[in-house]
Amino acid sequence: MPFVITDPCIGTKDTACVDVCPVDCIHPRKDAPEFEAATMLYIHPEECIDCGACVPACPVTAIYDSVDSVPSSQKDLIEANQVYRNGDAAAMAAAEAIVQAHIGARADLMQLDPNERQAAH
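For this note's numbering, count along the sequence shown from 1 and bump the result up by 1054.
Pasting the structure below:
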C-alpha cells in the first residue's frame, strides 16, 4: 500500500492534498456529497501512483509515504484507508467505523490541535 492519511486529518479535512493530487485518489472531495459526513480524508491505495505530491501539501503532516512509517498508535488507520471507496456506502461506513474506534481509543489525543496530536505520537 502506498501513502496513508492518519489521525491529524481527523476533523481537519484540509483538501490541499486533494488539490495537488494528479490522479484524484484522495477522497472524499469537497464537492462530493459524502464530504460533510466523512471524519477524515482517505487515499485509495489502487489509484495512488506514489508521486508524493500530497505529503508537503498537507498542513497537518497527516500523510505517510508507507505503511511502515505510520506510528504504531495509528496503524488502525491503514485499514481505514484500505477499505474506503468513494461512492460505496458500505465501504465508507466501514472506514468511518474504524476511524470512530480510533477516536474512542485515543480520546486523550483527540482534544489536541492536529499538529500537537502528530507530535505526541
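Each residue gets a CB set at the ideal place from its N, CA and C atoms; glycine is no exception.
Excluding the five sequence neighbours on either side, which residues of its own chain have a C-beta within less than 7 Å of the C-beta of P1076, listed in chain order?
In the sequence shown, the residue the question calls residue 1076 occupies position 22. Counting only Cβ-Cβ distances below 7 Å, and skipping sequence neighbours, we find C1105, A1107.
Check whether the Cβ atoms of P1062 and V1114 lie closer than 8 Å to each other.
Start at 1 with the first residue of the sequence shown, and residue 1062 comes out as number 8. Start at 1 with the first residue of the sequence shown, and residue 1114 comes out as number 60. Cβ distance < 8 Å, so P1062 and V1114 count as in contact.
Kindly identify the DSSP beta-bridge partner or partners of I1132.
The residue labelled residue 1132 in the question sits at position 78 within the sequence shown. Its beta-bridge partners do not exist; DSSP assigns none.
Let me know if A1155 comes out buried or exposed under the rule of 16 or more other beta-carbons within 10 Å of its beta-carbon.
In the sequence shown, the residue the question calls residue 1155 occupies position 101. By the neighbour-count rule (16 or more Cβ atoms within 10 Å), A1155 is not buried but exposed.
Candidates I1157, E1170, N1140, of which the one nearest P1087 by Cα:
Position 33 of the sequence shown, counted from the start, is the residue given in the question as residue 1087. It is N1140 whose Cα lies nearest to the Cα of P1087.
Three-way DSSP call (helix, strand, coil) for I1059 in this model:
Sequence index remark: in the sequence shown, residue 1059 carries index 5 (1-based). In the structure shown, I1059 sits in a strand (DSSP, three-state: E or B).
Return the CA-CA distance between K1129 and P1110, expressed in angstroms with no decimal places.
Here residue 1129 refers to the residue found at position 75 when the sequence shown is read from its first residue. Here residue 1110 refers to the residue found at position 56 when the sequence shown is read from its first residue. Each residue's alpha carbon lies about 21 Å from the other.
P1125 to E1101 span [Cα, whole Å]:
Counted from its first residue, the sequence shown places residue 1125 at position 71. Counted from its first residue, the sequence shown places residue 1101 at position 47. One C-alpha to the other measures close to 23 Å.
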